[in-house]
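Protein chains: 2
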Amino acid sequence: MLTLAAARLCGYEGDHHIKLAAAVEFIHTATLLHDDVVDQSKLRRGRPTANIVWGNSASVLVGDFLFSRSFQLMVEAESVEILGILANASAVIAEGEVMQLSSIGNLETSESLYLQVVAAKTAALFEAAAKVGAVAARRSAGEVAAMAAYGLKLGIAFQLVDDALDYSGRQAAMGKDVGDDFREGKVTLPAILAFARAGEEEKSFWRRTISDVRQSEGDLSHAIALVERSHAITDTLARARRYAEEAKAALDDLPDNAYAQALLGLADFCIARAY
Amino acid sequence: MLTLAAARLCGYEGDHHIKLAAAVEFIHTATLLHDDVVDQSKLRRGRPTANIVWGNSASVLVGDFLFSRSFQLMVEAESVEILGILANASAVIAEGEVMQLSSIGNLETSESLYLQVVAAKTAALFEAAAKVGAVAARRSAGEVAAMAAYGLKLGIAFQLVDDALDYSGRQAAMGKDVGDDFREGKVTLPAILAFARAGEEEKSFWRRTISDVRQSEGDLSHAIALVERSHAITDTLARARRYAEEAKAALDDLPDNAYAQALLGLADFCIARAY
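If you want it as C-alpha cells, here you go:
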C-alpha cells in the first residue's frame, strides 16, 4: 500500500507500481516466514504461525520462493534502479535480524544500537517501499529522498509503538497478547529504559528474566509494572511520536493530494493505535 | 567457475562476469545453508554444518543475506536480462526443494518426477551459471541456448552420480560417507529402480526403511546390497553418462578453445569420479 500510495502521490500513471508493490509484499512475507523460524514463534496476529502449521522446512523454502518471485516481479518492471533499492533493503533487513539476534539478552544494549536494529530490520522496507514509488514516477533526487525519509521515519515510529504495546498493561487488560519480546529475551526500548533506571534489586530481576530467560508465573506482570513505573512506555511512545512527526514533515516538499493526505493519516494512525 | 569459463569460451572480454560468478556462488551457498536447516543435516563435505555450529537462526539469516547480496552484485553488473535468468533459477530451485520435500518417503515416485526434481533443485543453477556467461558475451539466442543446455545436462549428470555414490559399496569400503539419502528417507533413482525391481519381501524392507524411516543396524548395508544386486547403480550411472554426453554435444556449435576443452573435461570428470 505504501508503494502504491507513494507512486500515485508522485503522479505516476502507469501500472508497473502494482508489480513493485507485490514485490515489496513478497519480501515482507518472506521475512515474516523466516523470522518465525528464527524466533521459534508460535503465534502471529493471534493465529498459529506457518512454522507451527507446516514446519520449519516449508517456511524456509516458501520464504526463499517468495523472495525469488519478488525479484522476478521487479525484473518484469524493468528498472535496474528499483532492483538495486530492494536488493539493498533485503540485505539490510537480514543484517538487522543478525544484529538483533546477537543483542538478545544484552540489557546494556544502547538506545542508539536499538534504533539501528529497528531501522534495519523494520524501517528499511518501509523506506524502500516508499522510495520505489517515487523512483517509478521519475521524481527528482530530492523528492525521492523525501519519500524515502517518510518511509524510514514511519517504520521506526511503527516499531517503537509495537515494542511499547508489548509491555502495555492496558493491552493486557483488553485481552490482547503481550509479553512476546519479554518471553524471548528480546531487548527493546521499554526494557532498555526500565533497566537503565532500575535499582539493584530490579536490575537483577531483569537479568534473570531477560538475560538468563529464567521466568516464572507473575514475572511478566512485574515487568509491565516496572516498565510503567519507570515511565519507559511513556518515553518510548514520545520518541515514536517524534518520528511520526518527522515522517509527516518529510512530505512537505511533495505534492499535496489525496495520497499525501492518506500518508499523513497513516503516520497519525500508527501512533493513535497506542492510545 | 562455470560462469567464468562460459563467458570466456564465448569470447567475453570485460570483467562483469566476475561479479556474476560471485552472484551464482552466493545463491549456491545460500541454498546450501537453507538446505542443511531443512534436512537437519549434521555434516557437509565431512565437516559440521553451519546449522550445527551456529544454529538454525544464523543459517537462515546468513542465507537470506547472501541471497540479497547476490542480487546487489547483479544490479552492479547492470543487466536486467541476467537478473531475470538468476531470479528464475532461484525460484525454480526453491520449487525443486519443495517438490523433493513432498516426495520424501514416496517409493512410487516416478523416474520422470525424480528427474524434474533434480533438474529444478540442482541443474537449474548449473544451467543459469552457464547461460549467464553466454548472455554476458552477447551471443546469439541459439548459442545462449546451447550454453544453457550444457549446464542443465551437466547438472543432471552431476546429481545422478551423487545419488549413485550415496549407495556405493565401494565408497563405503573406502571410508567415505554413504547413506545420507537412505537415512533421511529421500527417494533417489537408485532406490526407485531397486524398489520397482524388488520382490514383496524386499519391497516391505524399502517401505519400512524409507517410507517409515524405521531403520536399525545393518539396514544400510542391506539396502546397498539390494541396490547393487538390482543393477540400480549401474543403470543410474548409465543415465548420468548419457546426460554428460549430451552436455558435451551441446558445445558443438560453440567456439572450440581452451575454455571449451575445460568444460568438456568437466563433464568427463563428473562421470569419472564414480569409478
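Protein chains in written order, with my numbering: chain R, 8 to 282; chain H, 8 to 282. C-beta: ideal position from N, C-alpha, C; glycine also.
- For residue 142(H), not one C-beta of chain R is nearer than 7 Å to its own C-beta.
- Counting along the chain, residue 277(R) sits inside the alpha helix (DSSP H) bounded by residues 265-279.
- Note on the stretch 172-197 of chain R: whole alpha helix (DSSP H) runs with a minimum of 4 residues are 176-180, 187-191, in chain order.
- Looking at the DSSP output, residue 51(R) sits in a beta bridge with 54(R).
- Exposure of residue 238(R) is indicated by the presence of fewer than 16 other C-beta atoms within 10 angstroms of its C-beta.
- One thing to note: residue 171(R) has its Cβ no nearer than 7 Å to the Cβ of residue 111(R).
- Residue 34(R): member of the alpha helix (DSSP H) spanning 23-45, first to last residue.
- Taking 7 Å as the cut-off, the Cβ atoms of residue 140(H) and residue 14(H) count as close.
- Counting every other CB atom within 10 Å of its CB across the protein chains shown gives residue 81(H) a total of 16 or more, marking it as buried.
- Contact check for residue 66(R) against residue 58(R) passes: the beta carbons are separated by less than 7 Å.
- Within a 10 Å sphere around the beta-carbon of residue 175(R) sit 16 or more other beta-carbons, which makes this residue buried.
- Residues of the stretch 175-189 of chain H that bring their beta carbon within less than 9 Å of a beta carbon in chain R are absent altogether.
- Taking a contact as a CB-CB distance under 8 Å, the pair residue 93(R) and residue 30(R) counts as one, their CB atoms being some 6 Å apart.
- Here DSSP, grouped into helix, strand and coil, assigns residue 216(H) to helix.
- Among the residues facing chain R, residue 67(H) is included, as its CB has a counterpart in that chain under 7 Å away.
- With contacts defined by Cβ atoms closer than 7 Å, residue 68(R) and residue 104(H) form a contacting pair.
- When the five nearest sequence neighbours on each side are left out, the beta carbons in the same chain lying within less than 8 Å of the beta carbon of residue 11(R) are those of 24, 25, 28, 140, in order along the chain.
- Shortest Cα-Cα distance from residue 234(H) to any of 196(H), 32(H), 165(H) involves 196(H).
- Of 154(H), 232(H), 163(H), the smallest CA-CA separation from residue 186(H) is found for 232(H).
- Interface flag for residue 151(R) against chain H is unset, since no Cβ pair is found closer than 7 Å.
- DSSP places residue 84(H) in the coil class of the three-state scheme, outside both helix and strand.
- The Cβ atoms of residue 162(R) and residue 129(R) lie closer than 7 Å to each other.
- Between residue 98(H) and chain R, the shortest Cβ-Cβ separation is below 7 Å.
- Nearest to residue 76(R) by alpha-carbon distance, out of 53(H), 86(H), 225(H), 91(H), is 91(H).
- The beta carbon of residue 219(H) lies closer than 6 Å to none in the same chain, with the five residues before and after it left out.
- Neighbours of residue 63(R) in chain H, taken as residues at a C-beta separation under 8 Å, are given in chain order as 44, 45, 63.
- The Cβ atoms of residue 267(R) and residue 114(R) do not sit closer than 7 Å to each other.
- The DSSP-derived three-state label of residue 113(R) is coil.
- Within chain R, the C-beta atoms nearer than 8 Å to that of residue 108(H) come from 64, 65, 68, in chain order.
- Residues of chain H with a Cβ closer than 8 Å to the Cβ of residue 104(R) are, in chain order, 68, 71.
- With respect to chain R, the C-beta atom of residue 79(H) has a partner C-beta closer than 7 Å.
- Comparing C-alpha distances from residue 71(R) to each of 280(R), 83(R), 35(R) shows the shortest one belongs to 35(R).
- Take residue 146(R), set aside five residues on each side of it, and the residues of its chain with a beta-carbon closer than 7 Å to its own are 17, in chain order.
- Of 32(R), 203(R), 126(R), the smallest CA-CA separation from residue 250(R) is found for 126(R).
- In the DSSP assignment, residue 138(H) falls within the unbroken alpha helix (DSSP H) covering 131-143.
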